[in-house]
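In the numbering used here, the protein residues as written are -9 to 189.
Glycine included, each C-beta is placed from N, C-alpha and C at the ideal position.
Taking it in order: structure first as structure tokens, then the write-up.
Shown next, in the form of structure tokens:
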């Protein structure tokens, strides 16, 4: 989403004009007492307007920074991080940015990881020994290994996108028949998704 630059320019213009008026002591034909009261009223009204204008600009900037589920990348990273423990601790930002870059649902991607590896509590040995987040197997039927955990996260997200998401399998229910033999896999992943969203 782009910032509405015209709106920001108009608000900024008003802010500058009102700031100038506040600095200048505008003369009045009324008595000094009335002039003081009018100045205070004008100042208070202008101060409220300036605060509202500043809030509008901040909100426009925030809206332009939203990446997923009405969250900025920082907010999404923190939300994902709250569900990560053990080896995944501190990887919320990488998970968020790379999921968004690929066009993946970050809640779904993390939910599968948590279900497959137990990393909401203590990551499996496969994560610790192979940096393998999704229980991924190669063409030889053996579990895949990645040189670093960051490589493992990116490799997992790439495979998730290529094998499932790009083929329209974008929910646990659609993925279940292809991803896992268990008929309860989708409901378990959905449970993790809800837990992540609520975090």
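**Message:** Tell me the rounded alpha-carbon separation between residue 144 and residue 163.
**Reply:** 23 angstroms
**Request:** Rounded to whole angstroms, what's the CA-CA distance from residue 78 to residue 56? Just pull it up for me.
**Result:** 24 angstroms
**Asked** Nearest to residue 182 by CA position, among 154, 104, 60, is which residue?
**Response** 104
**Request:** Please specify which runs of the beta strand (DSSP E), each continuous and at least 3 residues long, are wholly inside the region 46 to 133, giving them in chain order.
**Result:** 56 to 58
**Message:** Quick check on residue 188: does DSSP put it in helix, strand or coil?
**Reply:** helix
**Message:** Counting C-beta neighbours from all protein chains within 10 Å, is the total for residue 148 16 or more, i.e. buried, or is it exposed?
**Reply:** exposed
**Asked** What residue ranges within the region 146 to 188 form continuous alpha helix (DSSP H) runs of no fewer than 4 residues, ordered along the chain?
**Response** 162 to 169, 175 to 188
**Request:** Go through its chain and collect everything with a Cβ distance to residue 120's Cβ below 8 angstroms, but skip five positions before and after it.
**Result:** 133, 134, 135, 136, 142
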